[in-house]
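Residue numbers (mature numbering (1 follows the signal peptide of the UniProt record, and there is no 0)): -19 to -1, 1 to 249. Think of the CB as a built atom: it goes at the ideal place given N, C-alpha and C, for glycine as much as any other residue. Below you'll find the structure, written out as structure tokens, and then a few comments.
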Amino acid sequence: MRPVILLCLLLAIPALVKCYSPDKDDDKPDDNKPDDDKPDVDKPDDKDKDKDKVPFRCLVCKSIMENVKSKLSDNASKGDIYNRLHHVCRRVRWRYKKSCNSMLRRDKKKFVAELSKDETPAKACTALKYCNSVKMRPSILLCLLLAIPAWVQCGRFYDEEILDTESDPTGDVTNDVDTYKIPALCGVCKRIMENVKSRLSDNASKEEIMTALNNVCDRLPKLMKGTCKKVVRKYLNKLADELSTDDSPRNACVAIKLCKPKAFWELK
């Protein structure tokens, strides 16, 4: 395995682990026992503190908002909203039902007020203090800080190092039997072929094909441009020759040895 790929994996794994690790509040078991319908009698000052104890509070709040909004007409009355809220917890996943019931018991009137506005679920739940849009959570920040170097390094690998043609820009490639083993080259080659073929007439001349090939990389996604330019520069004549035939993009790239031939058991 090339060192740069190994580095990408080492940088990305901690980010993925941290992102998918549950918060302390989310580790609490969520049994499926029915909730007591008796309203809470918490003091007003304690209500917002208790919201922090609701597992998956932001996710559940947005799920409630999205579910109810999708069922309401544009001119829904408060009675319609109350009715939808009364049944919404039956439609959420079982692990969220307890949190859903708890939130509606505590703040049903506030949910109705927010649903009467034209706010997005995220903004409505921020107003209800179930979501926090101001302060980035430490786990998310750490995830981003760990992932960015991996993205940058992998991007450099695919955009710059994937095909080294600077040392031999005009070399013969007839002996490049392992070229197809370089990651992403097959996909880039097929995109080049498909893009150019779609812009050529049936009787296109060699000069028209060459012109189209020299401009094709500007129409590809940014991540492919560096590799595309190197492929076109090194294989320009071979690409043009294949584009003069009726071969499919994949068969053409196999002929240039940028794609691996299918094994006999894969052939139809």
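- The beta-carbon distance between V213 and N195, rounded to whole angstroms, is 7 Å. This is short enough to meet the 8 Å contact definition.
- Remark: fewer than three beta-carbon pairs, one from each stretch, lie closer than 8 Å, so the region 54 to 70 and the region 102 to 116 are not flagged as touching.
- Across the structure, M174 and L201 are spaced so that their CA atoms are roughly 12 Å apart.
- The straight-line gap separating the alpha-carbon atoms of C240 and L126 is approximately 36 Å.
- By the CB criterion at 9 Å, C209 and V177 fall outside the cutoff.
- Secondary structure note for A94: its alpha helix (DSSP H) is the uninterrupted segment W75 to L96.
- DSSP places A108 within a helical segment (H, G or I) once states are collapsed to three.
- In the displayed model, P230 falls within a helix according to three-state DSSP.
- A Cβ-Cβ contact shorter than 9 Å links L96 with V49.
- Cβ contact annotation for M46 (same chain, cutoff 6 Å, sequence separation greater than five): P102 and A105, in chain order.
- The alpha-carbon separation between A221 and K238 amounts to approximately 14 Å.
- Sixteen is the threshold: since fewer than 16 other Cβ atoms of the shown chains lie within 10 Å of the Cβ of R71, the residue is exposed.
- Secondary structure note for D61: its alpha helix (DSSP H) is the uninterrupted segment K59 to V69.
- With at least 16 other beta carbons inside 10 angstroms of its own, P230 counts as buried.
- C-alpha of F92 to C-alpha of L53: approximately 14 Å in a straight line.
- For the pair C198 and A236, the Cα-to-Cα distance works out to about 21 Å.
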